[in-house]
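In the numbering used here, the protein residues as written are 16 to 168. Okay, so here's the structure we're looking at.
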Amino acid sequence: MEYHGLVSYNTDKYQEDHVSWWDCVDVISSSGYYPIDQWEQELDRIEKTVLKYKKPFFFAEAGCMSRKGSGMIPNNWELQGELRLEEQCEWYRAMFEACKKRPWLRGFALWEWAPKLPSASEAWKDDSYEICEKPVQEIIKRFYEHEAGTSLM
Numbered sequence: 016m017e018y019h020g021l022v023s024y025n026t027d028k029y030q031e032d033h034v035s036w037w038d039c040v041d042v043i044s045s046s047g048y049y050p051i052d053q054w055e056q057e058l059d060r061i062e063k064t065v066l067k068y069k070k071p072f073f074f075a076e077a078g079c080m081s082r083k084g085s086g087m088i089p090n091n092w093e094l095q096g097e098l099r100l101e102e103q104c105e106w107y108r109a110m111f112e113a114c115k116k117r118p119w120l121r122g123f124a125l126w127e128w129a130p131k132l133p134s135a136s137e138a139w140k141d142d143s144y145e146i147c148e149k150p151v152q153e154i155i156k157r158f159y160e161h162e163a164g165t166s167l168m
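Here you go:
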């Protein structure tokens, strides 16, 4: 049996310009856990790599917890803080707003949609990366309804 699909490699955040063998894959990908106020500068940096290798790009993982302070350090799953659903919403808005301007960016795998889905009442008390049944789910839905058709596909 032969594999005929696309091959990618997911590098960690900030490492996109350190992989010397992007020419060996079909698609460049990384984990997009950037601070809410650094999306533009990080996308500028990633863009140089994407243009150098002439490859499509996607975030193989991206997300933010709904905890106070998580917008500035979204990759820190050990962060302690009070529940703040709006912080998760703000982070996703910032990510989508910055990314929709980049025609080379093809999409996202969003973290996290758990296998065991929470009820709405459970979700609104959940300070993790979970997006199901939280206010951020509506932001994601609106982005894909209104932007993805022209920006990312």
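Every residue gets a Cβ at the ideal spot worked out from N, C-alpha and C, and that includes glycine. Every value quoted in this text rests on a predicted model; they were computed, and no experiment measured them.
Beta-carbon to beta-carbon, residue 21 and residue 42 are separated by about 6 Å, close enough to satisfy the 8 Å threshold.
Proximity to residue 28 across 16, 45, 35 and 19 peaks at 45, based on C-alpha coordinates. If you look at residue 42, you'll find it in the beta strand (DSSP E) that goes 42 to 47. Note on geometry: alpha-carbon atoms of residue 140 and residue 49 lie some 24 Å from one another.
Annotation: residue 53 to residue 84 spans about 15 Å, alpha carbon to alpha carbon. Residue 138 is not a Cβ neighbour of residue 127, given a cutoff of 9 Å. Taking all protein chains in view, the Cβ of residue 37 is crowded by 16 or more other Cβ atoms within 10 Å, so the residue is classified as buried.
Between residue 155 and residue 108 the beta-carbon gap is near 10 Å, outside 8 Å, which marks them as no contact. Bridge partners of residue 23 according to DSSP: 42.
When DSSP states are grouped into helix, strand and coil, residue 66 belongs to the helix group. Burial is judged here by how many other beta carbons sit within 10 angstroms of a residue's own beta carbon; residue 144 has at least 16 and is buried. Taking each of 114, 76 and 75 in turn and checking the Cα distance to residue 58, the smallest one comes out for 114.
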